[in-house]
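> Okay, so the first sequence: first residue is 0 according to numbering that gives the first Met the number 0, each after it adds one. Input: one structure, supplied below.
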Amino acid sequence: MKKKATETYQFQVLEYVATVPVGKVTTYGQIAKDLFLPTPRLVGKILHSNPDNSKYPCHRVVFSDGKLAPAYAFGGAEVQRKKLLAEGVTFKKNRVDLNSCLF
DNA sequence: CAAGTGACAATAA
DNA sequence: TTTATTGCCACTT
């Protein structure tokens, strides 16, 4: 696969998400911070424009509060919660325990 | 080429 | 604790 010289944040974010190990979750702000994105909104846009949501574990990306995303691709926040729980992510009531699962 | 849009986050009340 | 509002910039059309 050939990469264009125009390295958009898109690819970086996708790769970052792919780097997140199972049983861990990351927040949009965390990604933005690590990838030096100007704003966390871009992460959401990028993931929304994700070329292949099945290839990248976008379900491991949650809000900074530990809340799940409104879900557009993975079938719903409830489904996402169940999926993350199956991966070993600890949940706190309605939020992800970022204290232990934040990558 | 230009304008609109948005899987957010931080702050305020 | 919650909801509400603002700011932010690349991606999509």
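Beta carbons are placed, not taken as given, at the ideal position from N, Cα and C, and that holds for glycine.
For residue 81 and residue 96, I'd like the C-alpha separation in whole angstroms.
The straight-line gap from Cα to Cα measures roughly 14 angstroms.
> Pull up the distance between the alpha-carbon of residue 46 and that of residue 98, whole angstroms please.
Approximately 24 angstroms, taken between the alpha carbons.
> Span of the alpha helix (DSSP H) holding residue 75?
Per DSSP, residue 75 belongs to no alpha helix (DSSP H) and is neither H nor E.
> Quick check: residue 91 and residue 65, are their CB atoms within less than 8 angstroms of each other?
Going by C-beta atoms, residue 91 is nearer than 8 angstroms to residue 65.
> Using only CA atoms, which one of 101, 93, 100 and 8 lies nearest to residue 49?
For residue 49, the nearest C-alpha among the options comes from 8.
> Which residues in the same chain have their Cβ closer than 6 angstroms to the Cβ of residue 13, if we skip the five residues on either side of it in sequence?
Excluding residues within five positions, the ones whose Cβ falls inside 6 angstroms are 55.
> Decide if residue 85 is buried, meaning its Cβ has at least 16 other Cβ atoms within 10 Å, or exposed.
Classification of residue 85: exposed, given that the 10 Å Cβ count is below 16.
> Among all the DSSP beta bridges, which residues are the ones paired with residue 81?
Paired residues: none, contrary to the question.
> Please say whether residue 37 and residue 27 have beta carbons closer to each other than 8 angstroms?
Contact: no.
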